[in-house]
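Here's the structure, in structure tokens; my notes come after.
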Amino acid sequence: LKAIEESFDRLDACFLFNSFSGKISFKVLRPDLIDCRIYPSSNTETRTFRDINGVELQLPTDTGSCPYKRVLSMHAKYAFARALQYGWIVMTETLDTYFNVSDEELEEPDFIQPLSWQDLKYDDIMSFI
Numbered sequence: 012l013k014a015i016e017e018s019f020d021r022l023d024a025c026f027l028f029n030s031f032s033g034k035i036s037f038k039v040l041r042p043d044l045i046d047c048r049i050y051p052s053s054n055t056e057t058r059t060f061r062d063i064n065g066v067e068l069q070l071p072t073d074t075g076s077c078p079y080k081r082v083l084s085m086h087a088k089y090a091f092a093r094a095l096q097y098g099w100i101v102m103t104e105t106l107d108t109y110f111n112v113s114d115e116e117l118e119e120p121d122f123i124q125p126l127s128w129q130d131l132k133y134d135d136i137m138s139f140i
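Note that the working numbering gives residue 121 to position 110 of the sequence shown, counting from 1, and the numbers run on in steps of one.
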């Protein structure tokens with residue numbers, strides 16, 4: 012799973028929350044990653060990123076734990092902005108943010124609120140980090 016973690020860390024992929032189903036799915040943004048194997052050193056495991064693109068994240072049911080949706084939302088904004096800058100996606104792709112999914116009264120911080128992922132520039136993103 013190291014390849015998945017690294018793709019997430021490099022903003023080549025992200026996790027998207029579907030507010031209707033309540034599920035989180037994996038989204039590959041970098042086109043040349045899509046046919047790369049998830050376990051490159053394995054002789055028996057041949058799944059690629061294409062095989063998991065769009066697949067829902069399987070969470071343990073007995074613990075009730077779930078990743079922080081606000082963190083995933085911010086990461087997805089940055090990943091989509093980077094993908095747009097590199098030409099991996101087009102401006103018509105959509106991204107629903109879910110900053111306030113657990114509390115409708117909650118507002119995004121001022122420095123984030125005016126930014127749609129289309130307005131973000133990758134260099135600006137890196138200056139935040």
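For each residue, glycine too, the CB sits at the ideal point set by N, CA and C.
Rounded to whole angstroms, the Cβ separation of Lys34 and Glu67 is 5 angstroms, and the two are in contact under 8 angstroms. The beta-bridge partner set that DSSP reports for Thr59 consists of Arg48. The three-state reading of DSSP puts Ser32 in coil, since its state is none of H, G, I, E or B.
For the pair Ser36 and Gly65, the CB atoms are nearer than the 9 angstroms cut-off.
In the DSSP assignment, Glu67 forms a beta bridge with Ser36. Here Cys25 really is in contact with Ala90; their C-beta atoms are around 4 angstroms apart, less than 8 angstroms.
When the alpha-carbon of Val82 is set against those of Leu27, Pro42, Tyr50, the nearest one is in Leu27. Within the same chain, and ignoring the five residues on either side of Ile15 in sequence, the residues whose Cβ sits closer than 7 angstroms to its Cβ are Ile49. Contact between Trp99 and Leu40 holds, with the beta-carbon distance rounding to 5 angstroms and staying under 8 angstroms. Within its own chain, the residues whose Cβ lies closer than 8 angstroms to the Cβ of Asn29, once the five positions on either side in sequence are excluded, are Ile35, Ser36, listed in chain order. Secondary structure of Leu83 (DSSP, three-state): helix.
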